[in-house]
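Take a look at the structure set out below.
In the working numbering, the protein residues as written are 1 to 147.
Quick look at the structure:
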């Protein structure tokens, strides 16, 4: 019988970076609470990232690729791209919808990014959803690397 692989910080994808991102999110949530507009949380989070020395870009246009041909189908503009490795989308609504979750996962599936965060500051309690879709599961990656 195969042993289950134990998840540790040494084999967790971008563990240190994700730990810092989550810390920044919690800091903003603790300072500002719920009830503000999405734009306010975005500015507060950018300020927190700067304070912690986390490299980020706001409103960066990222390519979305055809899963079959590897051709660019269009662009997606997440709230943040962090350290050119993680996409982060902010919400400020009463609850996180299945559509929000599916949309974020679809963007991961059809982009070169492997980690995504969906954060809702205005749900009953802070809602942080981390999704992973590794590039080794994306057949189009080899197509765009060869073109």
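Heads up, the beta-carbon is just placed ideally off N, CA and C, and yes, glycines get one too. Being a predicted model, the structure only gives us computed values, none of them experimental.
Contact check, residue i vs residue j, beta carbons under 9 Å
{"i": "residue 42", "j": "residue 95", "result": "no"}
{"i": "residue 101", "j": "residue 124", "result": "no"}
{"i": "residue 66", "j": "residue 122", "result": "no"}
{"i": "residue 13", "j": "residue 114", "result": "yes"}
Close beta carbons around residue i, own chain, < 8 Å, minus the five adjacent residues each side
{"i": "residue 37", "result": "92"}
{"i": "residue 1", "result": "Reliability fails at residue 1, whose pLDDT of 41 lies under 50, so the model's placement of it is uncertain and no value is given."}
{"i": "residue 64", "result": "72, 73, 74, 75, 76, 107, 110, 111"}
Beta strand (DSSP E) segment containing residue i, residue limits
{"i": "residue 129", "result": "127 to 132"}
{"i": "residue 115", "result": "115 to 120"}
{"i": "residue 56", "result": "56 to 58"}
{"i": "residue 91", "result": "86 to 91"}
Helix, strand or coil at residue i according to DSSP, with G and I counted as helix
{"i": "residue 23", "result": "helix"}
{"i": "residue 63", "result": "strand"}
{"i": "residue 80", "result": "strand"}
{"i": "residue 140", "result": "helix"}
{"i": "residue 71", "result": "coil"}
{"i": "residue 17", "result": "helix"}
Segment limits, alpha helix (DSSP H) that includes residue i
{"i": "residue 49", "result": "38 to 52"}
{"i": "residue 109", "result": "98 to 109"}
Minimum C-alpha distance to residue i - residue among the options
{"i": "residue 24", "options": "52, 139, 34", "result": "52"}
{"i": "residue 68", "options": "87, 110, 116, 115", "result": "110"}
{"i": "residue 26", "options": "126, 138, 89", "result": "126"}
{"i": "residue 140", "options": "73, 12, 84, 85", "result": "73"}
{"i": "residue 16", "options": "62, 65, 83, 28", "result": "83"}
{"i": "residue 75", "options": "107, 14, 44", "result": "107"}
Same chain, Cβ closer than 7 Å to residue i, five either side skipped, listed in chain order
{"i": "residue 20", "result": "52, 54"}
{"i": "residue 104", "result": "89, 116, 118, 131"}
Spatial neighbours of residue i in its chain, beta-carbon cut-off 6 Å, leaving aside the 5 residues before and after
{"i": "residue 90", "result": "38, 41, 42, 79, 119"}
{"i": "residue 70", "result": "140, 143, 144"}
{"i": "residue 62", "result": "76, 111"}
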